[in-house]
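**Q**
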Amino acid sequence: MRPSWDPITVKRMDLISISARASTPWATIVGDSTRKEDTPGEVVPLLAHDVRAMAAAVLRGNDNGGYTVPSRATYPHQWNWDSALAALGWAELDSARAWTELETLAGARDRQGMIPHIAFHTRVPDRVNGRLRGMLTTVAAPYARYLPGPRWWGKRFSVDGRRISGITQPPLAATCMRLLFEAHADEERVRALLRPLLCWHRFLLEERDPRGTGEPVLIHPWESGRDNAVEWDTPLWRVMPEVTVVHRRDTHSVDAAERPSDEHYRRYLTLVRRGTEIGWRQTRLARTGAFRVLDPGFSGILARACHDLAWLAEQLGEPQIAAESDRGCERVAAALRARADSDGLIRPVDLTDESTLEVTSAGSALAALTPGLGDDQLRAVSELVTSGALASPYGVRSLDRDHPERSPRNYWRGPAWTNITWLSAWALERRGELDAAESLRAQMLAAVEGGGMREYFVPDSGRGLGARDFAWTAALTLRELAAGAAARGEAAA
Ligand code: 2M8
């Protein structure tokens, strides 16, 4: 049973207010129950319909033409796993637009097949799309509101001509594409995307695995998507900072207490500078770079992505892509299974000294996405996120609640994130853990009802934090509201 969304049974929904100055209601709806003093005006109940309208407005508001920015104020470019998740939200509003999102993401790949973590926006008008946008982008002035902007990464261009970063991010695209295909099959569009995604996975399995361990080596904390997760502190602190003054842009729009520290940033930028100095030679960075880790979250996502790409290739009569993807999945899954700890969880590894990083975090939860994970390993994750160290009333915590470095407001060091909660729920559901999946989804939605379309949430109060109008929070909300309505036999609002 999915959570009910009628106004009587949903909790904490009487806290929303609409300002008297509102021009469009959703633009000024404030769902943050901890900031009631900021919300004068008529108090109205928050209905499922309101939440859906808010989510749809956020997604549409972040639409840059062919791709969705995570947040206009904080992240004004195309981010990799954000875009894959945004496609799931678009699937509920406009399926053609959802396919475009994935196509634009694939268009960001470099000549080696790597899809970068950022494809930069320039001042080319949004309505210019496709190849023309790519061409104009190469000559137009880059959009400078984000640090580190395009100049930090050297002269790197995507196949569609945009400026791009030199690192990647969790490969969620194939899995999101499968979900999109299951709801809105478009054979022509999916066929065109099979090979770009296969090449990206191949890049991760080959260039990024120079020693043949079976898992890709991450060369920057940003590649995990969980930037300042505590597990990366030890390997990151080995990096001698070469960047002294950091003029932060992120803290213009978000409270510094909710963002990584300056000490983190100096090292993040040092790694970027060093990568650029050697022309982003990927295998060399994976073999000898200053920061090299294995992340069970990234690896679990890759194993699942290979599995889902194999499934799609099978549907489309592409046996070679299916076979290669199946082999990729099994390779990563076998490596992950083999290194589960005695408690059943899989943890990150620091490759500079081969040590296991003894932290229990969202990365271990994401490992549940791995196809063929052992029953004991699966049960360990299920327990971890429903009643264990990562459980909370508002979704999966990014860090063990008893960890001494835990900080309920600081980014990936404590808060609950919609994508982690949703991915954990989805992984558990696929393995038949239906009650666990349902309660995680209810928690995810409870966070949004009370905290708004925010980037992350205080795990014990549900207070919304970080960037506002955040795309993947909106996208996953749209998907779950539609799934809940479908389960109850209602037409989508
Ligand atoms: C955050 O990361 C970027 C760097 O990639 C940043 O802090 O500037 C992370 O939460 C990452 O997972 C996410 O993809 C990105 C955009 O939402 O923001």
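End of the sequence shown = 926 in this note's numbering, gap-free, step of one. Each residue gets a CB set at the ideal place from its N, CA and C atoms; glycine is no exception.
1) Does the region 749-756 come close enough to the region 673-682 that 3 or more CB-CB pairs lie under 8 Å?
2) Between the beta-carbon of Tyr409 and the beta-carbon of Asp660, is there less than 9 Å?
3) Nearest to Val818 by CA position, among Ser598, Leu631, Val829, His550, is which residue?
4) Distance check for Val676 and Thr716, CA to CA, integer angstroms please.
5) Which residue's Cα is closest to the Cα of Lys588: Ala552, Ala690, Glu615, Met610?
6) Would the beta-carbon of Trp845 be found less than 8 Å away from any heavy atom of ligand 1?
7) Would you identify the three-state DSSP class for Phe590, choosing helix, strand or coil?
8) Compute every distance between the C-beta of Arg485 and the non-hydrogen atoms of ligand 1, then say whether any falls below 8 Å.
9) Return the chain-ordered list of same chain residues with a C-beta closer than 7 Å to the C-beta of Thr744, the five sequence neighbours on each side being excluded.
10) Mark Thr533 as exposed unless 16 or more other C-beta atoms lie within 10 angstroms of its C-beta, in which case mark it buried.
11) Can you pull the DSSP bridge partners for Trp512?
12) Could you spell out where the alpha helix (DSSP H) holding Arg584 opens and where it closes?
13) Please name the residue in Ala824, Gly922, Pro583 whose C-alpha comes closest to that of Ile853.
14) In terms of residues, what are the limits of the alpha helix (DSSP H) holding Met673?
15) How about Ile548: is its Cβ closer than 8 Å to a heavy atom in ligand 1?
16) Could you tell me which uninterrupted alpha helix (DSSP H) segments, each at least 4 residues in length, are contained entirely in the region 752-838, listed from first to last along the chain?
17) State the Cα-Cα distance for the pair Arg505 and Trp905, rounded to the nearest angstrom.
18) My guess is that Ala541 and Ile600 are in contact by the Cβ rule of under 8 Å, so how many angstroms apart are they, rounded?
19) Cα-Cα, which of Ala519, Asp868, Ala920, Leu735 is closest to Ala767?
20) Would the beta-carbon of Ala420 fall within 9 Å of that of Glu640?
21) Please name the residue in Asp808, Met487, Pro654 whose C-alpha comes closest to that of Gly796.
22) Going by the beta-carbon positions, is the gap between Ala858 and Arg874 smaller than 9 Å?
23) Does ligand 1 have a heavy atom nearer than 8 Å to the CB of Ile734?
24) Would Gly499 pass as a contact of Thr537 if the rule is Cβ separation under 9 Å?
25) When you compare only the Cα positions, how much space is there between Ser758 and Glu648?
26) When burial is assigned at 16 or more other CB atoms within 10 Å of the CB, is Gly658 buried or exposed?
27) Let's test the definition: count the other Cβ atoms within 10 Å of the Cβ of Met673 and tell me whether it reaches 16, buried, or not, exposed.
28) Does the distance from the CB of Asp893 to the CB of Pro826 come in under 9 Å?
29) CA-CA distance, Gly897 and Ala869?
30) Per DSSP, what kind of secondary structure is Gly922 in: helix, strand or coil?
31) Return the Cβ separation of Arg485 and Leu914 in integer angstroms, given the expectation that the two are a contact with Cβ distance under 8 Å.
32) Answer yes or no: do Thr501 and Ala908 have a C-beta to C-beta separation smaller than 9 Å?
33) Can you tell me whether DSSP reads Gly897 as helix, strand or coil?
**A** This is what the structure holds:
1) no
2) No answer is possible for residue 409: the residues shown for the chain start at 434 and end at 926.
3) Val829
4) 24 Å
5) Ala552
6) yes
7) strand
8) no
9) In the sequence under discussion, the amino acid at residue 744 is Trp, which differs from the Thr named in the question. Counting only Cβ-Cβ distances below 7 Å, and skipping sequence neighbours, we find Arg611.
10) buried
11) Ile551
12) Arg584: not part of any alpha helix (DSSP H); DSSP gives it neither H nor E.
13) Ala824
14) Unbroken run through Met673: none, as it is neither H nor E.
15) no
16) 752-771, 795-799, 808-819
17) 13 Å
18) Actually they are not in contact, since the Cβ atoms of Ala541 and Ile600 sit about 13 Å apart, beyond 8 Å.
19) Leu735
20) One cannot answer for residue 420 here, as it falls past the ends of the chain, which runs 434 to 926.
21) Pro654
22) yes
23) Answer for Ile734: no, Cβ out of range of ligand 1.
24) yes
25) 14 Å
26) Gly658 is buried by the Cβ-count criterion.
27) Met673 should be labelled exposed.
28) yes
29) About 23 Å.
30) coil
31) 5 Å
32) In this structure, Ala908 lies closer than 9 Å to Thr501 by Cβ.
33) strand
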